[in-house]
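FYI, in this note's numbering the residues of the sequence shown are 67 to 601.
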Amino acid sequence: MQGQRQFIDIPDTGGEGSGWKSRLGNGLAFCVAVGLVTYWGYHYYIDKYRPFDDRLVYKVVDHDDSEPKKPYLPDISGFTVGMIAAKVPSYQKGQVAFARMEDYPEFSKFMEGDVPKRLRLLQRRVYPRGLVVKSGHYDWAHFYNEVHAFDPDGKLIRKEGDVYTLRAPLLVAPGASLSIDAGKLRLSKQANAYLLNAGDMFIMRTAVIGWDEEKNAPTKYTGDKHDYRPFVTTWGGGGLYIAGSHFESLGYLKGKSYGISYSTCVKCLKDHPDIPPPTGVVVGSSFTDMYYGFYSYEAEDVAIVGNTYYDNVIYAIDPHDRSRRLIIAGNETYGTHKKHGIIVSREVNDSWIFNNYTHHNHGSGIMIDRTSVNNVIADNVSEHNEQDGITLFESEHTTTWGNKISHNKRSGIRIRNSWNVHLYHDEILNNDGVAVEVYVADITGQETRDFELDPYTQRADAYIEGAKISSSGSALFKMQGPVDKMSFSNIDLRMGTHLFPVSYVYDETGMLGAMSDPVKVLDVRMKTAPGAFWD
């Protein structure tokens with residue numbers, strides 16, 4: 067038994083003094099084994115999770131310590147309610163009429179379809195009429211008094227205390243102006259009321275509300291996008307200046323009737339081809355339950371500053387078609403039901419989007435779309451959106467600077483078919499998708515696109531400098547298709563995930579196969595020599 071216990075408990079080690087040698091040998095063997103496992107495990111990890119595929123050639127160069135210059139941002143300190151008030155011209159008597167709408171080309175867009183028939187029935191006239199400020203400069207009090215003189219029964223404008231209900235279309239003609247400072251102005255759905263200007267219109271400290279007279283309530287959006295709701299539209303040659311006001315329950319899906327719109331008037335241009343683009347300022351105001359909170363078509367030099375857009379239907383702010391030199395600054399956009407907080411689309415160029423807070427929208431926080439070029443996106447906060455923080459589709463020459471992009475359901479920044487994109491000092495943190503996604507895609511199968519209006523090039527690149535980046539999604543970065551280049555410089559990578567998707571396979575017939583010079587794809591600039599992770 068004793069021998070058995072010795073065999074089990076204290077094995078024969080081969081003589082006196084040999085126990086420590088055995089233990090030393092076993093220890094050395096264990097260390098060697100651990101070292102080998104660590105070595106092979108490390109290389110297995112690197113092979114499996116390495117940042118770059120062997121087939122993807124990249125280069126690492128010294129970091130350039132010169133600081134990039136922040137892009138120019140226009141001064142917005144002058145865009146105040148007081149500034150708009152100072153622009154309002156003094157009262158000058160002119161002419162106000164209840165005139166035949168067919169005599170004014172400005173009305174023609176809104177006399178399409180069954181509208182004339184409806185107006186004939188409403189007004190009991192063969193030729194529908196609208197209120198027209200034909201000349202002069204009117205404030206609301208003088209305007210109302212002139213209308214009341216030929217409408218004593220209040221069939222056109224009903225007044226109850228400080229609440230006015232407009233019960234007819236209203237046009238401010240070229241050369242005239244109207245300042246609406248009415249307290250509360252309701253636009254009647256049943257009377258087909260709306261505000262239209264080809265001269266200047268000022269809406270100051272007024273609540274403008276689409277109104278259902280039958281329900282005695284705002285014309286809330288019901289889900290029927292074709293159901294008429296009143297609207298406000300500015301034609302070329304006119305200026306719309308909104309300050310310190312509130313807009314609610316306006317707009318529906320019909321051309322130039324979206325809510326608040328700035329647009330050229332095609333019919334007017336046929337008669338007067340030199341009419342300048344529409345312009346104006348929207349400052350210190352709020353917008354809710356609008357089909358579009360803001361829309362433009364070939365507008366120029368419009369400033370949208372310091373407003374709140376909440377719980378709107380399709381978009382909060384949507385400049386469109388060849389609008390230029392727009393300032394979108396200091397706004398808050400949230401709760402958009404269908405799409406994005408801020409979007410510029412189809413050749414909206416040379417504009418600035420900065421200091422906005424866009425969050426909890428159904429689409430992206432900010433989007434640049436359809437060949438919109440030379441735009442700056444700076445110092446915005448875009449978070450908790452259902453899609454991306456910032457989306458760039460088919461639009462080149464975009465600069466971002468100092469944006470904070472976090473907790474969005476898709477990518478932090480998504481770049482498709484867009485090039486010469488420079489991203490500086492953005493914080494892209496904790497988005498559900500990748501932090502930055504750059505890809506080339508064939509979108510010819512998209513049924514919603516007219517490629518004569520919206521041509522595009524399958525090309526993409528991105529230059530990322532000075533960013534702080536992390537992600538809770540599958541990876542920090544992703545490239546797809548024949549991307550020209552992705553350049554990193556002075557990046558603060560707060561990993562928490564893989565640099566590129568673990569399952570990502572570089573397709574020889576896709577990204578690599580289509581590249582004429584693969585070495586250009588990844589350009590990594592580092593302050594210190596690269597570690598083993600990059601080797």
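Even for Gly, the Cβ is constructed at its ideal location relative to N, Cα and C. Computed from a predicted structure; not experimentally measured.
Cα-Cα separation between residue i and residue j, rounded to whole angstroms
{"i": "residue 167", "j": "residue 322", "result": "17 Å"}
{"i": "residue 175", "j": "residue 342", "result": "18 Å"}
{"i": "residue 236", "j": "residue 170", "result": "12 Å"}
{"i": "residue 550", "j": "residue 233", "result": "58 Å"}
{"i": "residue 293", "j": "residue 380", "result": "15 Å"}
{"i": "residue 519", "j": "residue 317", "result": "25 Å"}
{"i": "residue 260", "j": "residue 383", "result": "20 Å"}
{"i": "residue 511", "j": "residue 150", "result": "46 Å"}
{"i": "residue 213", "j": "residue 221", "result": "10 Å"}
{"i": "residue 133", "j": "residue 245", "result": "48 Å"}
{"i": "residue 424", "j": "residue 474", "result": "11 Å"}
{"i": "residue 433", "j": "residue 142", "result": "22 Å"}
{"i": "residue 223", "j": "residue 533", "result": "56 Å"}
{"i": "residue 198", "j": "residue 402", "result": "34 Å"}
{"i": "residue 140", "j": "residue 443", "result": "12 Å"}
{"i": "residue 556", "j": "residue 535", "result": "11 Å"}
{"i": "residue 453", "j": "residue 514", "result": "19 Å"}
{"i": "residue 417", "j": "residue 391", "result": "5 Å"}
{"i": "residue 162", "j": "residue 201", "result": "7 Å"}
{"i": "residue 456", "j": "residue 180", "result": "41 Å"}
{"i": "residue 469", "j": "residue 159", "result": "50 Å"}
{"i": "residue 271", "j": "residue 349", "result": "11 Å"}
{"i": "residue 553", "j": "residue 545", "result": "12 Å"}
{"i": "residue 447", "j": "residue 188", "result": "48 Å"}
{"i": "residue 216", "j": "residue 185", "result": "20 Å"}
{"i": "residue 156", "j": "residue 136", "result": "42 Å"}
Top-ranked residue by Cα proximity to residue i, from the options
{"i": "residue 441", "options": "424, 419, 374, 406", "result": "419"}
{"i": "residue 337", "options": "531, 172, 523", "result": "172"}
{"i": "residue 406", "options": "247, 197, 357", "result": "357"}
{"i": "residue 228", "options": "212, 245, 206", "result": "206"}
{"i": "residue 523", "options": "507, 538, 534", "result": "507"}
{"i": "residue 301", "options": "258, 449, 266", "result": "266"}
{"i": "residue 565", "options": "546, 555, 542", "result": "542"}
{"i": "residue 225", "options": "310, 333, 254", "result": "254"}
{"i": "residue 372", "options": "353, 395, 390, 385", "result": "395"}
{"i": "residue 374", "options": "359, 155, 500", "result": "359"}
{"i": "residue 505", "options": "480, 495, 499, 313", "result": "480"}
{"i": "residue 370", "options": "546, 412, 466, 308", "result": "308"}
{"i": "residue 415", "options": "439, 400, 422", "result": "439"}
{"i": "residue 461", "options": "161, 436, 350", "result": "436"}
{"i": "residue 354", "options": "193, 204, 311", "result": "311"}
{"i": "residue 385", "options": "344, 137, 404", "result": "344"}
{"i": "residue 231", "options": "252, 219, 248, 218", "result": "252"}
{"i": "residue 154", "options": "177, 191, 247", "result": "247"}
Helix, strand or coil at residue i according to DSSP, with G and I counted as helix
{"i": "residue 554", "result": "strand"}
{"i": "residue 150", "result": "helix"}
{"i": "residue 189", "result": "helix"}
{"i": "residue 89", "result": "helix"}
{"i": "residue 213", "result": "helix"}
{"i": "residue 182", "result": "helix"}
{"i": "residue 172", "result": "helix"}
{"i": "residue 386", "result": "strand"}
{"i": "residue 426", "result": "coil"}
{"i": "residue 356", "result": "coil"}
{"i": "residue 219", "result": "coil"}
{"i": "residue 377", "result": "coil"}
{"i": "residue 506", "result": "coil"}
{"i": "residue 250", "result": "strand"}
{"i": "residue 324", "result": "coil"}
{"i": "residue 414", "result": "coil"}
{"i": "residue 332", "result": "helix"}
{"i": "residue 205", "result": "strand"}
{"i": "residue 293", "result": "coil"}
{"i": "residue 337", "result": "helix"}
{"i": "residue 319", "result": "coil"}
{"i": "residue 94", "result": "helix"}
Residues bridged to residue i (per DSSP)
{"i": "residue 270", "result": "309"}
{"i": "residue 263", "result": "238, 300"}
{"i": "residue 393", "result": "369, 418"}
{"i": "residue 195", "result": "166"}
{"i": "residue 225", "result": "230"}
The ligand SAH heavy atom lying under 7 Å from the CB of residue i
{"i": "residue 507", "result": "Ligands are entirely absent from the displayed structure, and the ligand SAH is therefore not among its contents."}
CB contact check: residue i to chain D, cutoff 8 Å
{"i": "residue 564", "result": "The chain inventory of the structure shown lacks chain D, comprising one protein chain alone."}
How about the region 271 to 278 and the region 237 to 245: do they share at least three Cβ pairs that are nearer than 8 Å?
no
- Touching by the beta-carbon criterion (3+ pairs, under 8 Å), the region 488 to 496 and the region 523 to 534: Output reads yes: the region 523 to 534 touches the region 488 to 496.
- Query: Does the pairing of the region 193 to 208 with the region 363 to 375 give three or more beta-carbon distances under 8 Å?
  - Reply: Taking 8 Å as the limit for Cβ pairs, the verdict is that the region 363 to 375 does not touch the region 193 to 208.
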